[in-house]
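Residues 100 to 378 (our numbering) are what the sequence shown spells out, left to right.
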Amino acid sequence: MPHTSRTRRTTPQKRIQVTDDDGWTHVTSSSNVRRVMRTTTHRTNTPLDNNDKEVVKEEEEEPVLAPAEAPSRLTLAQLQTQLESHGEKWADSRSWAWVREVLLQSLALPESASSAAATPPVEAIVCIGLGSPSGFLRGGWVDRRTVCLYQLAALVAIKALVRRQQDRPVPVYAQDPVFNTLDRELLESLGITVVEHPAAFDLVTQHSVVFCPGAESKHLLQIFLSRPRILFCNQIDTIDSQFRSFLEHTRPRLMPDFPPCEEAFWRLALYARHGDSSD
């Protein structure tokens, strides 16, 4: 009797969480990362056969995130058109109306001349962890390109608002390990300077507006230590002792949902520092 043929099962591509050298966590597939061998070793004083010997374990290979891969036929002009389309939806949303109102309140100068003189203008806008507007990480659960385009549209709108409010140019910086060549061209065309890690953290001061939706706690702590004037980030659920001194001088406000793409600004909050005698 002939053997019954069996249909081979295709092994699904495994999705993994990648944490790069700078601490950012991304969801991707094993086909979109490269692996490197760490030379750092772990040493423990675990006894073997009743003898006090050091056990040296070499770390396993860890995936390192590379710049996101953009479609081969995507041009800068097409990407700019996509951003314009996303920007129109953002401008018409109640989310932007909320951000605009709260940001204007936070940037408003005091009425008295003496107080105004003690409140300098925003010196820079710093964006950390935007992601790639043109590329993608294969196997991700969310289309990060759409998320990034909406976030970039918000950043551009914030940039323009601060510029009008102060009537002076404000430098804008962006940092993310997944930026590819096309992303850099797009950002530069918008007047945004791309910097390499850890330059963006060094640019954060008490007179900065920081935009980092989705930042990890590790990076938030580093940003908080610089006590930025205004910070856009995910809402902090627990008041860690390391964040306490900053949170005592902020007015956290949670942004309303953004229906066109809820993932783009999920639980985004604005933290505006106030009543800080160190200014």
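Positions of the beta carbon are idealized from the N, C-alpha and C atoms, including for glycine.
A distance below 8 Å separates the beta carbons of S307 and R328.
Annotated three-state conformation of F323 is helix, per DSSP. Residue pairing by DSSP places C226 opposite A273 and F310 in a beta bridge. For F235, no beta strand (DSSP E) segment is defined, and its DSSP state is neither H nor E.
Here F235 is not near P312, since their CB atoms are 8 Å or more apart. Under DSSP, the beta-bridge partners assigned to T349 are R372. Fewer than three beta-carbon pairs drawn from the stretch 317-326 and the stretch 244-263 are found closer than 8 Å, and the two stretches are therefore not classed as touching. Between L182 and A252, the C-beta gap is smaller than 8 Å, which places the two residues in contact. In the three-state scheme derived from DSSP, where H, G and I count as helix and E and B as strand, T174 is classed as coil. For V261, the three-state secondary structure derived from DSSP is helix. By the neighbour-count criterion, in which 16 or more other beta carbons inside 10 Å mark a residue as buried, D275 falls on the buried side.
With a beta-carbon spacing of about 22 Å, L175 and I257 fall beyond the 8 Å limit used to define contacts. Residue E222 holds the alpha-carbon nearest to the alpha-carbon of Q265 among Q179, A298 and E222.
Assignment of T304 by DSSP, reduced to helix, strand and coil, places it in the coil class. By the neighbour-count criterion, in which 16 or more other beta carbons inside 10 Å mark a residue as buried, P268 falls on the exposed side.
Judged by beta-carbon spacing, V261 lies beyond the 8 Å limit of L289, meaning their Cβ atoms are not closer than that value.
The Cβ atoms of G230 and V277 sit closer than 8 Å to each other.
Annotation: the continuous beta strand (DSSP E) that includes V293 extends over I291 to V293. Take the alpha-carbon of L281 and the one of F342: they are about 36 Å apart. Selection H296, K317 and L178 evaluated against S233 yields L178 as nearest (Cα-Cα).
Counting of Cβ neighbours within 10 angstroms places R172 among the exposed residues, the total staying below 16. Secondary structure note for I329: its beta strand (DSSP E) is the uninterrupted segment I329 to N333. As the crow flies, the alpha-carbon of P359 is around 33 Å from that of Q305. Under the three-state reduction of DSSP output, E168 falls in the strand class.
Cβ contact annotation for A299 (same chain, cutoff 7 Å, sequence separation greater than five): V225, I227, Y272 and Q274, in chain order. The beta carbon of L286 lies closer than 7 Å to those of A273 and V293 in the same chain, with the five residues before and after it left out. Checking the DSSP bridge columns, you'll see L251 has no partner listed.
Around the beta carbon of L367, a 10 Å sphere encloses 16 or more other beta carbons of the protein chains shown; the residue is thus reported as buried.
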